[in-house]
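What follows is a short report on a single structure.
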Amino acid sequence: MAEFKIVSDEEVRKTIPMSIAIDLMADAFKQISNRTAVVPIRTGIEKNDHSARALFMPAYSPGYHLFGLKMVAVFPENTSKSLPAIQGKVLVIDDEDGTPKGLIDAGYLTALRTGAASGLATKLLSSPEAETMAMFGTGTQAITQVEAVCCVRNIKTAFVFGTSPEKTKSFCTQMEQTHKAAFIPGQLSDLKKADVICTATTSIKPLFQLSHLKPGTLINGIGSYKPEMHEIASDIVKNCRLIVDQREPVLSEAGDIMIPIKEGLIDQNHIYAELGEIVSDKKPSGPMKDVCTVFKSVGNAVQDLAIAAYVLKNV
């Protein structure tokens, strides 16, 4: 029987660079949009006080010859206790004979594949000359969002928006140690300069409005994963080219899309494409000069399998 591997966050971090993760996401999103992978809607269970939730995300990929189940706990208040906000595991099973192949820490894996998805979207949908970004959020997810965007674009300036001046300044200092860009605490007026904006918060109120943006900006929205969350204003969604990771979960989970639908501003046909349709050349890619583009992602277990398969082969 093949060795069952138990892989830590640190081993994942050492095994797979962001550039490879972005390439793996291209293949994963092709499988999602081509429907060659089987991805049931994930199951979420909330604590009674709604302060945290557990998520269970199964998937099967014939391409990777793997079944997978990711189990994560999302505890936003953990950051005040110096604990990770997201903790969990990915269980991987071989599809040839059902042999369990490994159990991988899901904390960094989740941040990596989420960042890599935004990196892929930035590569396909933003201006190749993009030099300025804005980052809303200063947690673990924000770190990989910045890394991914800087991996595919020559970012020289990054405006950072945190929940406190202290967190914002600390994040800027941390990012300048590993990136060439200048990281600056941002003001909403700075968004007129941003070519790419990433949002990684749990906000229930829009972080900015359409009037704050310049035409052609790409927004990667990854923080709104529940119906009541609302990072991206409805007027932005209404007037943008809307790309999603997968239609079904976005329409049932993402407040950024569900709220403007409920308000009657858009319907599900407003979704221009899934990212996998862009990767597969079923829909044109490239930046839009006159309107903003929103890439809305809630995450998909095939992304986790893509990272897990690579890690298990190379760890």
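Just add 69 to wherever you are in the sequence shown, counting from 1, and you've got the working numbering.
Backbone N, C-alpha and C fix where the C-beta goes; we use that ideal spot for every residue, glycine too.
| Check | Outcome |
| --- | --- |
| For K307, three-class secondary structure by DSSP | helix |
| Residues of its chain near V265, where Cβ-Cβ distance is below 6 Å and the 5 sequence neighbours each way are ignored | T191, S195, A199, M202, V218 and L287 |
| Completely contained beta strand (DSSP E) runs for the region 78-162, where each covers 3 or more residues | 112-115, 122-130 and 135-143 |
| Span of the alpha helix (DSSP H) around G176 | G176 to L194 |
| Beta carbon of V367 nearer than 8 Å to that of E322 | yes |
| V363 versus N289 - alpha carbon distance | 6 Å |
| Strand pairing of P254, partner residues [DSSP] | V229 |
| Rounded C-alpha distance that separates Q256 from N383 | 43 Å |
| P356, DSSP secondary structure in three states | coil |
| Beta-bridge partners of T268, as assigned by DSSP | F205 and G290 |
| Same chain only: Cβ atoms within 7 Å of V143, ignoring 5 sequence neighbours per side | A121, R122, L124, A154 and I155 |
| Where L279 falls: helix, strand or coil (DSSP) | helix |
| Beta-carbon gap between G345 and S88 smaller than 8 Å | no |
| Beta-bridge pairing of A199 - partner residues as DSSP gives them | For A199, which the question treats as bridged, DSSP gives no partner whatsoever. |
| At least three beta-carbon pairs within less than 8 Å, the region 126-143 to the region 156-169 | yes |
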